[in-house]
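So the structure is just underneath, and the comments pick up after that.
Numbering (my numbering), first residue to last: 5 to 558.
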């Protein structure tokens, strides 16, 4: 009860000190941003407003946390208020902790009010902009449970790689056709056996090319295991006086096709091939030819409920695309197959992907069956292609959440980060002066912002030290590429690692990446933020309370 009394007094003190006037400045800064974005296209304008408001929210909340948290307790000591408190029936630890809780409430109020201003402003911009402004969306992400592959897949650390390859070709040579002997019409027919390195698939397509005529004949036909196919040959083929070369190749990347009883058949009789050979990627013993894919990437989703998705399930896929022989290739056409694990429902499509760019993927909701895992396969359709994927390079979206509710969750991410800044500033003020305590809070903020940059620097130092050590082993001077002594780099590395371990990076709490991609903040995102902050906050609070407990205020 006494703790809450101190906390409420702390909030009232913040009001008395006109701390909430910063919210007016925030609103003015947000509205004035339209002056700078007036000439920007509508889509970019919305994104710029969202980023502007996000950065401004962090800035004003951090300023409030640092200046209020770092100055209050030293001011109580300087103005002798702490001596009045310790003479009352309230412990100094309770008083200090109460002020900390009060500042937590003040920062929460700051964030909620700034969030309300931002959402209202963005809604007004959307209302005035009409259909030119994109919809305000919050799409919950559904991540795959696992990633694997079928066929020839290469695993390198956390990545899976699949390659294209030249397809196999069955080549049959026929003597020139005697139409009068065979009878019209003349058909090319045969019986295929179709399988795939993805179990359970017995359909595909066959590329048929006939060489010999002045104008080659080419066609792609669908085939199914054990079902005969036939193609009527045009006049310029049946009247060709030269040897006919029939080339049969799987045009579906994952197919393995065998062919029997291939012949030219008329109404009177049939004509078999004079020569039968296989080229390229094949299983010669079984007389089977393979398609152009060495394997497929497969992501598996579990526990999907149809009720959680719209009629058309949408998602995004990002792959690294490269050429096997062409080093400058960065795009490819791939086959996407979505199916249940028992192959009872399946959807296929071909999409164009660019290297390291998100590509939309969608399929009908009917694929989702109760209790059945869903597999999404990505298969090369080109022999000169290399695809690289990871577990996190595919995501599906369930039905949209409320934008406002998602913004509240995003403020929760920001609050976690600002809470750490506030905690360091408040607890430092238990023993340090107000300016130094403010500096401590600002340092935490800067470390979080530069966390990735510092991490890259540490990795570069690791490489430099490894090279220096290798040179020393070979009897050469142990110099680093930077020309600095190894002991200095070693000290810098360990100091940086301690700082990186002590304080988390801002990426975990970065709400802007959700706004820019129309992502919903999920429970896992909030859990990661809490796990990154709470242990550190608990340690800093414990140290601060111990200092206050043992500190003599006279």
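Ideal Cβ placement from N, Cα and C applies to all residues, glycine included.
In the DSSP assignment, what residue or residues form a beta bridge with residue i?
i           : result
residue 357 : 336
residue 320 : 364, 399
residue 104 : Residue 104 is not bridged to any residue.
residue 305 : 378
residue 287 : 292
residue 351 : 342
residue 279 : 177
residue 222 : 213
residue 391 : 166, 325
residue 568 : Coverage of the chain is limited to positions 5 through 558, which leaves residue 568 absent and any answer about it impossible.
residue 254 : 210
residue 24  : In the DSSP output, where bridge partners are listed per residue, residue 24 has none listed.
residue 262 : 197, 292
residue 268 : 192, 275
residue 2   : In this structure the chain extends from 5 to 558, so residue 2 is not present and cannot be described.
residue 299 : 155
For residue i, which option in the options has the closest C-alpha, if you only look at C-alpha atoms?
i           : options            : result
residue 142 : 154, 412, 375      : 412
residue 34  : 108, 195, 126      : 126
residue 190 : 515, 330, 240, 442 : 240
residue 156 : 177, 129, 294      : 294
residue 598 : 387, 244, 32       : Summary: the structure shown does not reach residue 598, with the chain confined to residues 5 through 558, and so no result is reported for it.
residue 468 : 494, 458, 222      : 494
residue 458 : 498, 427, 439      : 498
residue 439 : 288, 75, 357, 237  : 75
residue 360 : 397, 380, 344, 375 : 397
residue 31  : 115, 73, 94, 98    : 115
residue 172 : 288, 365, 66       : 288
residue 356 : 138, 48, 389, 372  : 389
residue 111 : 188, 535, 427, 274 : 427
residue 312 : 275, 299, 270, 404 : 404
residue 424 : 52, 512, 251       : 512
residue 120 : 509, 410, 537      : 410
residue 285 : 252, 269, 135, 47  : 252
residue 50  : 94, 15, 137, 539   : 137
residue 9   : 455, 105, 535      : 105
residue 113 : 505, 336, 15       : 15
residue 315 : 282, 372, 300, 330 : 372
residue 124 : 522, 545, 407      : 407
residue 170 : 297, 60, 118       : 297
residue 206 : 523, 260, 161, 213 : 260
residue 160 : 395, 345, 21       : 395
residue 28  : 122, 94, 103       : 122
residue 489 : 501, 471, 503, 502 : 471
Residue j and residue i - do their beta-carbons sit closer together than 8 Å?
i           : j           : result
residue 262 : residue 231 : no
residue 225 : residue 248 : no
residue 353 : residue 370 : no
residue 71  : residue 442 : yes
residue 97  : residue 552 : yes
residue 378 : residue 342 : yes
residue 198 : residue 228 : yes
residue 530 : residue 452 : no
residue 254 : residue 176 : no
residue 347 : residue 152 : no
residue 258 : residue 201 : yes
residue 107 : residue 430 : yes
residue 380 : residue 338 : no
residue 270 : residue 192 : no
residue 305 : residue 148 : yes
residue 154 : residue 300 : yes
residue 386 : residue 336 : yes
residue 334 : residue 358 : yes
residue 215 : residue 282 : no
Return the Cβ separation of residue i and residue j in integer angstroms, given the expectation that the two are a contact with Cβ distance under 8 Å.
i           : j           : result
residue 168 : residue 384 : 4 Å
residue 323 : residue 146 : About 19 Å; that fails the 8 Å criterion.
residue 13  : residue 549 : So it is not a contact: roughly 19 Å between Cβ atoms.
residue 67  : residue 26  : 7 Å
residue 181 : residue 308 : Not really, about 54 Å apart at Cβ, beyond 8 Å.
residue 318 : residue 366 : 5 Å
residue 65  : residue 446 : Not a contact, Cβ separation roughly 13 Å.
residue 393 : residue 455 : Contact flag wrong, Cβ pair sits at about 27 Å.
residue 320 : residue 363 : 7 Å
residue 368 : residue 351 : 6 Å
residue 516 : residue 53  : That belief does not hold up - the Cβ atoms of residue 516 and residue 53 are roughly 12 Å apart, past 8 Å.
residue 448 : residue 505 : 13 Å between Cβ atoms; not a contact.
Please tell me whether, using a cut-off of 7 Å, the distance from the CB of residue i to the nearest non-hydrogen atom of the ligand GTP is below it.
i           : result
residue 520 : This structure lacks the ligand GTP; in fact it carries no ligand of any kind.
Checklist entry - Could you give the uninterrupted runs of the alpha helix (DSSP H) lying entirely in the region 400-457, keeping only those of 4 residues or more? => result 407-432, 438-453
Checklist entry - What runs of the beta strand (DSSP E), each 3 residues or longer, lie entirely inside the region 150-174? => result 150-155, 157-160, 163-167
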